[in-house]
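Comments concern the structure below.
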Amino acid sequence: MKKNATPSRKDERLLIKQLIAGESQAFDLVVAEYHNIMLSVARAIVGEAFADEVVQDAWISAIKALPKFEARSSLKTWLLHIVSNGAKSRVRRENRQISLDDGWESVSADKFDQTGHRYDDVFVWDEATPESLLANEQLQSVIEKAFQSLPAIQRAVLSMYEMEGIKMPEICNILDITSSNARVLLHRARTTLHHSIEKYQDN
Amino acid sequence: MAECKDIAEEASNLLDGDLPFRKRMALRLHLLYCSCCRAYVQQLKQTISTITVLRPQEKDTTDTSALAKKLQEISKNH
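For the record, the sequence lines run as chains D and Z.
Just so we're aligned, residue 0 is where the first sequence starts under numbering that gives the first Met the number 0, counting upward by one.
Just so we're aligned, residue 0 is where the second sequence starts under numbering that gives the first Met the number 0, counting upward by one.
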């Protein structure tokens, strides 16, 4: 499946030049492209209440620092690191902690017998492709709702990995979590969304 | 021996190719004889493809064009 394409280095250099030159289209483009994922990272680290402010501050720092941007990473990753640093220092100031939700099971434990075998049958879904699943508007809104109900840190890992095509080690750096935590969060997010589709299919 | 529960827990890592060889083989072997788990892994795969097509986003009420304008001003005066 195609993930969000990162612009080529050449396109990005041009975009950065346009930003430094103050071209309004370039500002519209970067904000439209990156604001949402920056917000996702901020919410994951600092929580809903301070996220907007942290992202606004990150944008301002980024724009001021742009002439010094050395393109060692993509613009997107650079922006996400700025948000992440801002959010982490806000966490320190507010004395908050990132918490991973506990007591979670990928599939409810009562679905397995003592030896770890499933009691129930799992059937292949009739509607096999994403397009056929998404042709159903009701199902679309079920998935959207399930996504919004995920903990912010799961949404952030899922969005960066699935939608933005960011590699796991980078995600771990941005969110300051271990690779095994990131893997667990990704699996939880995917499983919750899977449950939402499964439940809908069963009805 | 891998059981259904192991598949439920490791399905993402299996799909992402992020497991040591032995573990991967044990899970693959289980999938050979368990049609329920094969269907489950298939469903999870379909879920992932569906998410990447649907691309759900953070709820956000920011006026992005106002923000872009504000940043442009800051950049001019910097």
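Built from N, CA and C at the ideal position, the CB exists for glycine as well.
Bounds of the alpha helix (DSSP H) holding residue 35/Z are 34-53. Beta-carbon to beta-carbon, residue 40/D and residue 145/D are separated by about 20 Å, too far to satisfy the 8 Å threshold. Cβ contact annotation for residue 185/D (same chain, cutoff 7 Å, sequence separation greater than five): 156, 157 and 160, in chain order. Minimum Cα-Cα distance from residue 56/Z among the listed residues 14/D, 112/D and 31/D corresponds to 31/D. Secondary structure in the region 141-176 of chain D: no beta strand (DSSP E) run of 3 residues or longer lies completely within the stretch. Annotation: the continuous alpha helix (DSSP H) that includes residue 87/D extends over 74-93.
Secondary structure of residue 71/D (DSSP, three-state): coil. Secondary structure at residue 111/D: strand, using DSSP grouped into helix, strand and coil. Considering only beta carbons, the part of the region 48-73 of chain Z lying closer than 8 Å to chain D consists of 48, 49, 50, 51, 52, 53, 54, 55, 56, 57, 58, 59, 61, 63, 64, 66, 67, 68, 70, 71 and 73, in chain order. The C-alpha of residue 41/Z is placed about 12 Å away from the C-alpha of residue 13/Z. Between the beta-carbon of residue 2/Z and that of residue 114/D there is about 6 Å, and that keeps the pair under the 8 Å contact cut. With contacts defined by Cβ atoms closer than 8 Å, residue 43/Z and residue 116/D do not form a contacting pair. Counting along the chain, the unbroken alpha helix (DSSP H) around residue 130/D starts and ends at 129-133. Here residue 10/D has no same chain residue with a Cβ atom under 7 Å from its own Cβ, once five neighbours each way along the sequence are excluded.
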